[in-house]
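Numbering (the UniProt record's numbering), first residue to last: 1 to 382. Note that the Cβ used here is the ideal one computed from N, Cα and C, for glycine as well. Bear in mind the structure is a predicted one, so any value in this text is a computation, not a measurement. One structure is given here, and the rest of the page talks about it.
Structure follows, in structure tokens:
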């Protein structure tokens, strides 16, 4: 087979693979050594805050979220922080006492969190005050989403659940089939107008009516192949990216696709294997493949603009675009900044010696990196 999943923790009850790294058929191949280069500039570290125990031991990818001037972050051991994104000042901190595995979501003046024991919590954005909690069908590994009209939650048993934003009562449930084996993770649902869009571990993307949970459209972006369950893994674990009327998603051992939000019609697609989200900028689509190689493809085509193989097997995070650059972090805790023009490295700094799994968050000229140890740092262009 073309890809081999090497697990760093044992199979859990839900039938998922935890802490996965993707290796070539030569299992002796080691992660690429970093090569020195002439930096075009040095990133400024503006501030750093320690957030609980960070990603913890369960291969979480708890991604911070920005709302206005505030950045929200959560740790596996249940600490939730609201931080001024410019100064790094902690505006409030709450200790929930929960094991958080899905977070952080935000919308409708709520901070939303999913837990290992199948619950969803909502806190008030400005104060951190507890609003409500709701029980769902199984563990939540992706951040809940809300537009203020509903809260959308995906669970590891293949369900997309809508909750009332006022009190967490269940509004509807959309169910899919779950394969025998999958990677540990889920993609975050997105709400676009009257459509809730979610990608599942069976390689399907569904557009569901936000009002009643009725299926509006469904599209397969990966087809399982091979004799063994491990060869047939086709998870969609990267968060969707919506640009205009198109939602972009990728699957492991499958394809990358852009789908029309209202109809699910395929407007762009190409073969590709990823368990990360995509990013767009300068007319390109940026993605990190299962070997951690970074690609730029011209939007609406399959033409490769550039490919950077220097991070091969370094478990690079999903790409984030800012200014004229693409940023990713890796398992040794290095933040890499690449040119969107040609994919060359322009800057690098080490942010966390325990590594980085959570996707980098970028806005304007700033990058926010949440390391595995719990160190959340803000960097900016000079």
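CB contact flag (residue 101, residue 140, <8 Å)
yes
Could you name the residues of the same chain whose beta carbon sits closer than 6 Å to that of residue 232, not counting the 5 residues immediately before and after it, in chain order?
224, 226
Put residue 289 into one of helix, strand or coil per three-state DSSP.
coil
Apart from the five residues on each side of it in sequence, which residues of its chain come closer than 6 Å, Cβ to Cβ, to residue 335?
329, 349, 351, 369
Whose C-beta lies closer than 7 Å to the C-beta of residue 127 among residues of the same chain, with five residues either side of it excluded?
92
Within 10 Å of its beta-carbon, does residue 365 have 16 or more other beta-carbons around it, so buried, or fewer, so exposed?
Its Cβ having fewer than 16 others within 10 Å, residue 365 is exposed.
Quick one: residues in its chain with C-beta nearer than 8 Å to the C-beta of residue 158, no 5 flanking neighbours on either side, listed in chain order?
175, 176, 177, 178, 200, 201, 202
Sorted by chain position, which residues of the same chain lie with C-beta nearer than 7 Å to residue 66's C-beta, five sequence neighbours on each side aside?
85, 361, 363
Could you tell me whether the segment 130-139 touches the segment 152-170, using the rule of 3 or more Cβ pairs below 8 Å?
yes
Out of 381, 277, 314, 342, which one is the CA nearest neighbour of residue 35?
314
Using alpha carbons as the reference points, say which of 325, 146, 236, 244 lies closest to residue 274.
236
Using a Cβ-Cβ distance cut-off of 8 Å, determine whether residue 195 contacts chain C.
No chain C is part of this structure, which consists of one protein chain only.
Roughly how many whole angstroms lie between the Cα atoms of residue 256 and residue 295?
12 Å
Return the Cβ separation of residue 337 and residue 346 in integer angstroms, given the expectation that the two are a contact with Cβ distance under 8 Å.
5 Å
CB-CB under 6 Å to residue 282, same chain, minus the five flanking residues each way: which ones, in chain order?
340
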